[in-house]
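When the letters of the sequence shown are read in order and numbered with UniProt numbering, they come out as residues 1 to 113. Built from N, CA and C at the ideal position, the CB exists for glycine as well. Below is one structure, written out as structure tokens, with a few remarks after it.
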Amino acid sequence: MRFLMLVLSDPELTDPAAEPAPVTIEEWSAEVYDTGRGIEGDRLRPPAEAKTVRRRKGEVIVSDGPFAESYELIGGFDVLECADLEEAVEIASRHPMAAWGAIELRAYWPLDL
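Right under this line is the structure:
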């Protein structure tokens, strides 16, 4: 089962030492990717560089920044291959950003189902 793991930063929690992560990002990456549970992942450019695209009444509208005003900012993503949601939660809970940001897990929803 595949999951998209969104890595969210919390601008108000700027001190990682306030809640130490169980492992470093390098250790987490090795745990997840060296075991084949991580498929792909990367950081994302800042929201200020984002574009939101809409089509309304045949017109393409492009605006600066993310569509939704959000307290937490998406800083990166990982695609996980897991047996179930429980395994995905375990993996996400060890990510350093879970200690001072948030991790959102979204199961893939294949079009053929």
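Q) With a Cβ-Cβ cutoff of 8 Å, do Ala30 and Pro96 count as a contact? A) no
(Q) Between Ala88, Ala99, Leu111 and Lys51, which has its C-alpha nearest Arg37's C-alpha? (A) Ala88
Q. Along the chain, where does the alpha helix (DSSP H) that runs through Val89 open and close?
A. Leu85 to Arg94
**Q.** Whole-angstrom distance between Lys57 and residue 195, CA atom to CA atom
**A.** There is no way to answer for residue 195, as the model of the chain reaches only from 1 to 113.
Q) Candidates Asp10, Met1 and Gly75: which alpha carbon is nearest Arg45's? A) Gly75
Q. For the candidate residues Pro110, Glu104, Trp100 and Phe3, whose alpha-carbon lies nearest to that of Glu40?
A. Phe3
Q: For the alpha helix (DSSP H) containing Val32, list its first residue and its last residue.
A: Ile25 to Tyr33
Q | Helix, strand or coil at Asp49 [DSSP, three-state] | A | Here the sequence assigns Glu to residue 49, which means Asp is not the residue at that position. It is helical.
Q) For Trp28, which of Met1, Asp112, Pro110 and Ala98 has the nearest alpha-carbon? A) Ala98
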